[in-house]
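Participant: Take this structure, written in structure tokens, and hold onto it; I'll ask about it next.
2 protein chains.
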Amino acid sequence: MKKINVGLIGFGTIGAGVAKILLENRQVISDRLGAELNLQKIADLDITTDRGVALPDGILTSDIEELIGNPEIDIIIELIGGYEPARTFVSRALKSKQSVVTANKALLAKHGNELFSLARENGVDFYYEASVAGGIPIIKVMRESLAGNNINSVCGILNGTCNYILSKMGDEGADFAEVLQKAQDLGYAEADPTFDIEGIDTAHKLAILTSLAFATPIDFDKIHVEGISAVKPVDFAFAQEFGYKIKLLAIAKKEDDCIETRVHPTMIPEKHMLAKIDDVYNAVFVNADALGPSLYYGQGAGMMATASAVVGDLVDIARNCLDKSLQRIPDLGFQVAAIKPQTYRPMSEIVSQYYLRFTVYDKTSVLSRIAGILGHNEISIASVIQQGRGPDGETVAVVMQTHKAKEKDLRAALAEIDKLSFIAAPTTVIRMESDL
Amino acid sequence: MKKINVGLIGFGTIGAGVAKILLENRQVISDRLGAELNLQKIADLDITTDRGVALPDGILTSDIEELIGNPEIDIIIELIGGYEPARTFVSRALKSKQSVVTANKALLAKHGNELFSLARENGVDFYYEASVAGGIPIIKVMRESLAGNNINSVCGILNGTCNYILSKMGDEGADFAEVLQKAQDLGYAEADPTFDIEGIDTAHKLAILTSLAFATPIDFDKIHVEGISAVKPVDFAFAQEFGYKIKLLAIAKKEDDCIETRVHPTMIPEKHMLAKIDDVYNAVFVNADALGPSLYYGQGAGMMATASAVVGDLVDIARNCLDKSLQRIPDLGFQVAAIKPQTYRPMSEIVSQYYLRFTVYDKTSVLSRIAGILGHNEISIASVIQQGRGPDGETVAVVMQTHKAKEKDLRAALAEIDKLSFIAAPTTVIRMESDL
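Here's what the structure looks like:
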């Protein structure tokens with residue numbers, strides 16, 4: 502039986518998962534591939550800690566040079582994460598005409614274009630299924646299954662930590678800090694959760710999905726990013742009254758030849774499939790011109806689920822090695838000549854419905870003053886909820902759902918409103934998306 | 502630019518969708534493929550009816566011989582449906598070394614093994630993404646993305662007509678016949694809906710998924726099939742009290758080296774993703790050893806969604822033509838040597854929880870008699886609901902949820918119970934699945 506040799510760099514949690522699959526599921530893999538996928542070497546700085554995987558002798562090394570450029574190793578798996586030395590290792594492997602599989606979204610979001618070029622120049626594959634939504638095969642679906650479609654939009658719940666926190670806040674009425682602590686205790690959130698809760702991790706993934714959807718180079722800097730730390734329990738209660746759920750949503754859509762990419766807490770109608778994704782799960786919702794809406798759901802992180810995506814890529818590339826058809830699928834699903842920088846809509850120009858929660862001192866004519874300012878800024882109100890006196894006995898919440906309005910008009914209105922004497926705190930804004 | 506020529510047999514609804522995509526989305530397809538996917542010929546007996554697609558001159562023909570065996574045509578699309586002449590046309594095309602794409606689940610369920618052999622012998626591809634769950638790319642996911650996994654189970658809502666009917670019955674408390682009529686008026690159900698509502702269509706699709714999951718030849722006859730016509734509005738109300746939804750579920754699972762395949766109305770916990778699939782939508786839920794649970798959701802039928810899947814297959818095969826790597830992916834995702842007939846568990850041996858609705862004349866000791874019979878047949882009761890007197894003033898419904906029990910024990914118990922003098926009608930049984 503033919504053999505494709507694999508070298509793994511980074512023997513952390515995901516790396517151990519990949520090793521486990523390659524060793525324990527060796528039979529099913531060769532039954533599918535018709536060749537052996539052989540784990541030849543693993544490189545890690547720490548070669549002593551037990552990862553719970555029984556490795557054959559001589560596999561583990563601390564010397565990266567045994568893997569990169571080793572002509573016996575066909576495919577390198579990069580699972581060290583972060584920008585460096587991942588970028589250097591991946592570049593060197595590609596230049597050595599080794600194909601590469603990675604789960605590193607940060608690397609792709611920042612250096613993807615350059616690494617894709619390197620892969621093309623060297624006639625090898627650079628696959629990254631595990632970098633977005635963990636085990637969910639969204640990259641393959643977008644690059645291959647949807648080949649007959651123009652994609653109109655792709656939206657996702659791409660961070661399990663945030664979805665866990667928002668699900669629990671919604672279900673239990675608990676406070677952000679309290680749920681974050683619980684998530685940390687359960688291992689669902691990192692000790693420093695900044696990248697997750699501020700939306701950066703989600704934005705890294707959205708940068709990749711945007712390019713796959715719209716044939717444009719990866720451009721992380723074009724993404725508007727807001728995290729979830731400002732969402733309050735009271736907002737979930739109002740969302741429910743309006744028939745909505747709150748999710749941290751990654752949104753990429755194309756309208757009038759303009760791309761919009763944004764990550765922010767979003768109210769989604771509770772009937773929408775994305776509103777039904779609970780706990781640590783991820784999901785990606787794609788709207789394509791022929792297929793229509795479709796959704797892909799599963800574990801967006803975790804040792805074995807992410808490793809499953811890595812091994813899926815390995816088998817694909819192994820087939821390409823066997824068939825001498827490396828670079829069979831273009832890196833972003835489009836031929837390089839078709840990939841063009843596109844126009845991004847500035848955030849000030851986007852159109853959305855808005856949930857507005859005003860914290861006001863309870864005086865007469867508050868509502869008419871707010872409505873007046875919204876009105877002369879072209880924002881019309883769809884519905885209003887005025888809550889009874891708040892816990893401090895002094896302020897009340899006035900909550901509004903607007904019709905569709907421009908972000909810059911909303912910002913102009915809020916600049917006026919938040920200066921009013923009866924406004925006790927900056928107004929909370931959550932975008933409501935009903936036509937995903 | 503290189504050109505791959507395609508011939509389409511069957512210019513019905515899906516055929517028109519495929520033509521529409523190939524013509525209208527020509528640019529995005531060649532941007533992805535790096536070659537032109539050229540619709541060279543369409544064969545149909547009716548070459549006069551307008552299908553709403555502007556075809557170039559000379560494409561449409563009533564002579565199948567212009568397509569099959571035409572050395573200029575690389576890929577034949579079969580969209581006539583049914584067993585014959587589809588089987589003959591597909592066989593002839595494969596023998597002429599033309600690759601074939603089909604959406605024909607009935608053909609696959611009955612003749613798939615023979616056609617896969619033909620494709621292998623002739624070194625061409627025979628793809629069928631559109632045959633299961635319409636536009637949802639479940640075949641590609643199972644054949645390729647999950648390559649590193651052993652699959653434990655695959656369950657699906659695979660028939661939009663049934664899911665529409667069950668969703669409406671659940672939401673509106675409406676009767677089966679009434680909702681079926683509405684579905685027919687809306688075009689969601691055929692004039693003769695037998696294949697759909699009796700579960701045959703779902704079973705065809707399950708036969709394919711079973712082989713993909715467990716590396717076994719397609720064997721439609723091994724599937725236990727029950728339709729939805731016996732489910733009553735009252736069952737939805739009780740399901741809700743237990744926290745369940747009723748869906749027509751296709752279930753294939755492997756336990757203790759034994760495969761179980763069945764299609765029947767099933768109560769699913771309302772928190773489960775499959776319980777959240779409403780209206781005409783389809784979804785497939787896969788449990789795999791590395792990935793864990795994942796779900797794939799979208800339109801399971803319809804002109805453009807199904808055509809999207811057909812075109813996805815075309816692009817895949819076109820890449821294989823260009824790379825000279827036909828038969829790159831084995832037909833069922835496993836090398837032919839790895840495909841082996843497996844042991845199927847007889848229906849009498851399956852284990853499930855059961856929802857039982859007894860229709861009884863309201864007498865004392867009814868409950869203890871039923872419980873006694875269940876008990877001496879090894880069936881223990883998890884909960885009981887006894888409803889007030891029924892609308893006829895004479896009978897009442899006694900509803901039970903059992904713990905896990907063997908089907909044969911249940912059948913033995915019901916044979917005894919349904920003979921009792923106070924039982925007014927045959928007992929309704931719906932299986933409850935909580936560990937999907």
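Going line by line, the protein sequences match chains A and F.
Heads up: the first sequence runs through residues 502 to 937, numbered per the numbering used here.
Heads up: the second sequence runs through residues 502 to 937, numbered per the numbering used here.
Each residue gets a CB set at the ideal place from its N, CA and C atoms; glycine is no exception.
Just to make sure I have the definition right: I need the residues of chain F whose C-beta is within less than 9 Å of the C-beta of A/Glu622. Which are they?
Facilitator: Those within 9 Å of A/Glu622 in chain F number zero; the least Cβ separation is about 17 Å.
Participant: Quickly, what does DSSP pair F/Phe859 with across the bridge? List them, please.
Facilitator: F/Val899
Participant: Would F/Tyr798 pass as a contact of F/Asn783 if the rule is Cβ separation under 9 Å?
Facilitator: yes
Participant: Runs of 3 residues minimum, wholly inside the segment 750–800 of chain A: which ones carry the beta strand (DSSP E) assignment?
Facilitator: Runs of the beta strand (DSSP E) inside the segment 750–800 of chain A: 759–770, 782–789 and 793–800.
Participant: When you compare the segment 902–922 of chain A with the segment 751–759 of chain A, are there three or more beta-carbon pairs, one atom per stretch, that lie closer than 8 Å?
Facilitator: no
Participant: Taking F/Asn571 as part of the alpha helix (DSSP H), name the residues at either end of that continuous run.
Facilitator: First-last for F/Asn571: undefined, no H or E at that position.
Participant: Just to confirm before moving on: does the CB-CB distance between F/Val785 and F/Gln800 stay below 9 Å?
Facilitator: no
Participant: Check each candidate in F/Phe617, F/Asp720 and F/Val554 and name the one with the smallest Cα separation from F/Ile830.
Facilitator: F/Phe617
Participant: Taking 9 Å as the threshold (beta carbon to beta carbon), is A/Arg932 in contact with chain F?
Facilitator: no
Participant: From F/Gln632 to F/Thr807, what does the alpha carbon distance come to, in whole angstroms?
Facilitator: As written in the sequence, residue 632 of chain F is Ser, which differs from the Gln given in the question. Going from the Cα of F/Ser632 to the Cα of F/Thr807 covers about 8 Å.
Participant: Please state the DSSP three-state secondary structure of F/His725.
Facilitator: strand
Participant: Exposed or buried, what is A/Val554 when buried is set at 16 or more other beta-carbons lying within 10 Å of its beta-carbon?
Facilitator: buried
Participant: Name, going along the chain, the residues of the segment 561–581 of chain A whose beta-carbon falls closer than 7 Å to a beta-carbon of chain F.
Facilitator: none
Participant: Please return the same chain residues whose Cβ sits closer than 7 Å to the Cβ of A/Lys723, not counting the five positions on each side in sequence.
Facilitator: Thr762 and Tyr845
Participant: Please say whether F/Arg588 and F/Leu561 have beta carbons closer to each other than 9 Å?
Facilitator: no
Participant: At which residue ranges does the segment 582–656 of chain F contain complete alpha helix (DSSP H) runs of 4 or more residues, listed in the order of the chain?
Facilitator: 587–596 and 606–622
Participant: Hey, could you find the ends of the beta strand (DSSP E) F/Gln685 is sitting in?
Facilitator: Element bounds for F/Gln685: not the beta strand (DSSP E) but the alpha helix (DSSP H), Phe677 to Asp686.
Participant: Determine, using beta-carbon pairs with one atom in the segment 737–750 of chain F and one in the segment 764–782 of chain F, whether at least three such pairs fall under 8 Å.
Facilitator: yes
Participant: Could you tell me whether any Cβ in chain A is nearer than 9 Å to the Cβ of F/Pro718?
Facilitator: no
Participant: Please tell me whether F/Ala620 and F/Ser597 are closer than 9 Å, where the distance is taken between their beta carbons.
Facilitator: no
Participant: Does the beta-carbon of F/Tyr862 have 16 or more other beta-carbons within 10 angstroms, so that it is buried, or is it exposed?
Facilitator: exposed
Participant: Give the single residue among F/Glu879, F/Ala898 and F/Val602 whose Cα lies nearest to the Cα of F/Val885.
Facilitator: F/Ala898
Participant: Along chain F, which residues have their Cβ under 9 Å away from the Cβ of A/Glu771?
Facilitator: Within chain F, no residue comes near A/Glu771; the closest Cβ sits about 11 Å away, beyond 9 Å.
Participant: Using CA atoms only, rank isn't needed, just tell me which of A/Asp551, A/Gln854 and A/Leu546 is closest to A/Ile566.
Facilitator: The sequence as given places Glu at residue 566 of chain A; Ile does not occur at that position. When only C-alpha atoms are compared, the closest one is A/Leu546.
Participant: Any C-beta of chain F sitting closer than 9 Å to the C-beta of A/Glu630?
Facilitator: yes
Participant: When the distance is taken between beta carbons, is A/Val655 closer than 9 Å to A/Val787?
Facilitator: yes
Participant: Measuring CA to CA, which of F/Ala684, F/Ile818 and F/Ser592 is closest to F/Glu615?
Facilitator: F/Ser592
Participant: Report the CB separation of F/Val816 from F/Ile530 in whole angstroms; it is logged as a contact under 8 Å.
Facilitator: Confirmed, about 7 Å.
Participant: Using a C-beta to C-beta distance shorter than 9 Å, which residues of chain A count as neighbours of F/Arg793?
Facilitator: In the sequence as presented, Arg is not what sits at residue 793 of chain F; that position holds Gly. Listed along chain A, the residues sitting closer than 9 Å to F/Gly793 by beta-carbon distance are Gly636, Gly799, Gln800, Gly803, Met805, Ala806 and Ser809.
Participant: Which residues in chain A sit within 8 Å of F/Gly813, going by Cβ to Cβ distance?
Facilitator: Glu645, Ser646, Leu647, Ala648 and Gly649
Participant: Compare the C-alpha of A/Gln604 against each of A/Phe859, A/Glu622 and A/Tyr584 and name the closest.
Facilitator: Contrary to the premise, residue 604 of chain A reads as Ala rather than Gln in this sequence. With distances taken between Cα atoms, A/Ala604 lies closest to A/Tyr584.
Participant: For F/Thr807, does the three-state DSSP call read helix, strand or coil?
Facilitator: helix
Participant: With distances taken from CA atoms, which of A/Leu523, A/Phe627 and A/Ile543 is nearest A/Leu509?
Facilitator: Looking at A/Leu523, A/Phe627 and A/Ile543, the one whose alpha-carbon comes closest to that of A/Leu509 is A/Ile543.
Participant: Compute the Euclidean distance between the alpha carbons of F/Ile639 and F/Glu630, then round it to the nearest angstrom.
Facilitator: 7 Å
Participant: Assuming contact is defined by CB atoms lying nearer than 9 Å, are F/Arg858 and F/Asp736 in contact in what I supplied?
Facilitator: yes
Participant: Less than 9 Å between the beta carbons of F/Gly661 and F/Leu707, yes or no?
Facilitator: no
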